[in-house]
Amino acid sequence: MTIYCTNQQQLAEKIADQNVSLSNWKNWRWQLQHSIQKIETLERLLDIRFAADEREQLKATLEKFPLSITPYYLSLVDRDDYHNDPVFRQACPSPAELEVDRCDMADPLSEDQDSPVAGVTHRYPDRVLFQVSNVCSMYCRHCTRKRKVGDIDSIPGRDAIRAGLDYIRSNPAVRDVLLSGGDPLMLSDAYLDWILGELRQIEHVQIIRIGSRMPVVLPYRITDELVTMLKRHNPVWLNTHFNHPREITASSREALRKLADGGIPLGNQTVLLAGINDCPRIMKSLVHRLVENRVRPYYLYQCDLSEGLSHFRTPVGKGIEIMESLIGHTSGFSVPTYVIDAPGGGGKIPLNPNYLISLSTNKVVLRNYEGVITTYREPDSYEPNFCDRKCDQCNLQLKLESAEEQDAVGIERLLADSYTTISLTPEGNDRMERRDNG
Numbered sequence: 000m001t002i003y004c005t006n007q008q009q010l011a012e013k014i015a016d017q018n019v020s021l022s023n024w025k026n027w028r029w030q031l032q033h034s035i036q037k038i039e040t041l042e043r044l045l046d047i048r049f050a051a052d053e054r055e056q057l058k059a060t061l062e063k064f065p066l067s068i069t070p071y072y073l074s075l076v077d078r079d080d081y082h083n084d085p086v087f088r089q090a091c092p093s094p095a096e097l098e099v100d101r102c103d104m105a106d107p108l109s110e111d112q113d114s115p116v117a118g119v120t121h122r123y124p125d126r127v128l129f130q131v132s133n134v135c136s137m138y139c140r141h142c143t144r145k146r147k148v149g150d151i152d153s154i155p156g157r158d159a160i161r162a163g164l165d166y167i168r169s170n171p172a173v174r175d176v177l178l179s180g181g182d183p184l185m186l187s188d189a190y191l192d193w194i195l196g197e198l199r200q201i202e203h204v205q206i207i208r209i210g211s212r213m214p215v216v217l218p219y220r221i222t223d224e225l226v227t228m229l230k231r232h233n234p235v236w237l238n239t240h241f242n243h244p245r246e247i248t249a250s251s252r253e254a255l256r257k258l259a260d261g262g263i264p265l266g267n268q269t270v271l272l273a274g275i276n277d278c279p280r281i282m283k284s285l286v287h288r289l290v291e292n293r294v295r296p297y298y299l300y301q302c303d304l305s306e307g308l309s310h311f312r313t314p315v316g317k318g319i320e321i322m323e324s325l326i327g328h329t330s331g332f333s334v335p336t337y338v339i340d341a342p343g344g345g346g347k348i349p350l351n352p353n354y355l356i357s358l359s360t361n362k363v364v365l366r367n368y369e370g371v372i373t374t375y376r377e378p379d380s381y382e383p384n385f386c387d388r389k390c391d392q393c394n395l396q397l398k399l400e401s402a403e404e405q406d407a408v409g410i411e412r413l414l415a416d417s418y419t420t421i422s423l424t425p426e427g428n429d430r431m432e433r434r435d436n437g
């Protein structure tokens with residue numbers, strides 16, 4: 000039997016061991032207060048029983064990588080087939096997490112080394128990652144930052160946040176700031192409002208992004224009040240993290256609707272995970288349901304080399320196979336970019352099937368998604384603009400500011416609310432000349 004949404008009140012009462020209204024269940028703070036953090040609680044709520052040796056292995060796993068699952072996310076688990084359930088595998092511990100391969104690293108992306116001040120990772124020229132929280136509503140078993148899972152007192156205070164803001168303020172090249180964590184939406188509305196307000200006062204910060212898994216694991220966090228606050232700081236983008244179609248529930252759809260209706264562009268970053276979504280059929284269903292809910296599939300990540308993730312990792316060939324099943328077989332905006340986040344901090348490297356077969360000086364040979372081989376003729380008389388970096392002598396128009404719209408004239412000017420003109424007077428009007436000469 001699967002715990003469906005209709006049984007949420009029963010589960011809530013079982014968790015709290017008392018009568019609980021459904022309004023409590025939909026209160027995100029209640030959900031956090033009743034997070035599942037023990038193996039015995041997990042067994043009781045799912046009506047399952049681990050073998051004694053397996054239970055001991057799971058407890059040993061939790062000594063290194065703690066457990067925390069929201070009641071909402073646990074309610075999605077299929078108890079009749081929990082070992083193969085994609086929700087269970089992402090949320091519940093596995094002894095395989097204690098198996099560390101020789102290639103595994105605590106900080107595979109060298110985020111700590113690329114951190115000029117605490118909480119800020121500056122890897123790309125024009126953007127930074129700003130870790131404003133090290134707390135999550137749920138500990139995902141495939142987290143690339145497993146080294147930080149379970150940190151105590153790890154929501155930075157205002158002094159720490161100010162240090163990050165000062166760094167961003169002193170680097171005019173930074174035009175894009177990604178708020179990450181942990182989960183930034185673990186902050187109170189007021190605290191997040193303050194951070195966003197401070198960023199908005201930095202003239203060179205054009206874009207603010209938020210990375211959050213709340214729409215997936217705790218959609219009730221997406222309140223009307225939160226959306227109203229975020230709208231005050233637009234443009235704010237939000238990227239979330241759905242990995243399987245079954246995570247897109249009625250509650251998550253409502254959370255996405257609120258965000259999209261609030262004018263917040265939505266993207267999704269999926270991690271390719273063995274035994275969870277390493278299947279072209281699953282991935283195509285996922286991207287279709289995402290775009291149906293106004294979420295653009297953004298990245299498909301190859302699983303990182305973090306310690307304890309080797310059982311989640313697939314060969315890169317599996318990712319290419321999935322991309323082959325998407326490119327040309329569904330809408331272009333439904334296709335994510337498949338990337339490896341390079342070990343050592345090299346950044347995201349895009350991977351795609353090879354569609355370029357060969358090329359010569361005037362012709363390119365290509366193949367399409369069906370295997371059709373075709374040619375594209377290169378121009379015979381292309382004269383490139385030689386670039387010597389002397390922009391003031393370039394024949395290209397390098398006016399990069401937005402073009403000025405043409406001024407309204409005639410009757411259009413009278414109709415436009417943006418002009419104070421109330422009348423048009425013909426040239427040579429005697430009355431106007433008398434005014435000028437008076």
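Numbered by numbering that gives the first Met the number 0, the letters in the sequence shown go through residues 0 to 437 in order. Using N, Cα and C, we set each Cβ at its ideal position, and we do this for glycine too.
State the DSSP-derived secondary structure class of residue 361, mapped to helix, strand or coil.
Taking the first residue of the sequence shown as position 1, residue 361 is located at position 362. It is coil, neither helix nor strand.
Using CA atoms only, rank isn't needed, just tell me which of 269, 20, 74, 283 is closest to residue 34.
Within the sequence shown, the letter at position 35 stands for residue 34. Here the closest residue by C-alpha is 74.
Over the uninterrupted beta strand (DSSP E) stretch that includes residue 267, give me the two end residues.
As a first step, residue 267 must be located in the sequence shown, where it is residue number 268. 265–271 is the extent of the beta strand (DSSP E) around residue 267.
Evaluate residue 0 with the Cβ neighbour count: other Cβ atoms within 10 Å of its Cβ, from every protein chain shown; 16 or more gives buried, anything less gives exposed.
In the sequence shown, residue 0 corresponds to position 1, counting from 1. Low per-residue confidence applies at residue 0: pLDDT is 35, beneath 50, and the placement is therefore not dependable, though the value from the model is reported in the following sentence. By the 10 Å Cβ count, residue 0 comes out exposed.
Looking at the structure shown, is residue 341 part of a helix, part of a strand, or coil, going by DSSP?
Residue numbering aside, residue 341 sits at position 342 when the sequence shown is read from its first letter. Strand, per DSSP.
Could you check if residue 431 is buried or exposed, using at least 16 other CB atoms within 10 Å of its CB as the buried criterion?
The residue labelled residue 431 in the question sits at position 432 within the sequence shown. So residue 431 counts as exposed.
In terms of residues, what are the limits of the beta strand (DSSP E) holding residue 297?
Translated into the one-based positions of the sequence shown, residue 297 becomes position 298. Here the beta strand (DSSP E) through residue 297 covers 294–301.
Considering only their Cβ atoms, is the gap separating residue 333 from residue 290 smaller than 9 Å?
Residue mapping note: residue 290 aligns to position 291 of the sequence shown, counting from 1. Residue mapping note: residue 333 aligns to position 334 of the sequence shown, counting from 1. Contact: yes.
Is the separation between the beta-carbon of residue 54 and that of residue 126 shorter than 9 Å?
For this step, residue 54 is matched to residue 55 along the sequence shown. For this step, residue 126 is matched to residue 127 along the sequence shown. Taking 9 Å as the Cβ cut-off, residue 54 and residue 126 do not qualify as a contacting pair.
I'd like to confirm the pairing. Which residues does DSSP put opposite residue 305 in its beta bridges?
As a first step, residue 305 must be located in the sequence shown, where it is residue number 306. In the DSSP output, where bridge partners are listed per residue, residue 305 has 104.
Looking only at its own chain, which residues have a Cβ that is under 7 Å from the Cβ of residue 203, when we skip the five neighbours before and after it?
By 1-based counting over the sequence shown, the position of residue 203 is 204. Taken in chain order, the residues that qualify are 171, 173, 174.
With which residues is residue 210 paired in a DSSP beta bridge?
Here residue 210 corresponds to residue number 211 of the sequence shown, with the count starting at 1. According to DSSP, which records beta bridges pairwise, residue 210 is partnered with 238.
When 261, 199, 244 are compared against residue 225, the one with the closest alpha-carbon:
Here the question's residue 225 lines up with position 226 in the sequence shown. Taking only the C-alpha atoms, the option nearest residue 225 is 261.
May I ask you to report which of helix, strand or coil DSSP gives residue 410?
As a working note, residue 410 is residue 411 in the sequence shown. Helix at residue 410.
Exposed unless 16 or more other CB atoms sit within 10 angstroms - verdict on residue 257
Taking the sequence shown and counting its residues from 1, one reaches residue 257 at position 258. Per the 10 Å Cβ criterion, buried.
Apart from the five residues just before and just after residue 266, which ones in its own chain have a Cβ nearer than 6 Å to its Cβ?
The sequence position of residue 266 within the sequence shown is 267, counting from 1. Here the set comprises 238, 295, 297.
Can you give, in chain order, each stretch of the alpha helix (DSSP H) that sits fully within the region 122–167 and has at least 4 residues?
none
Can you have a look at residue 145 and say buried or exposed, based on whether 16 or more other CB atoms are within 10 angstroms of its CB?
Within the sequence shown, the letter at position 146 stands for residue 145. By the neighbour-count rule (16 or more Cβ atoms within 10 Å), residue 145 is buried.
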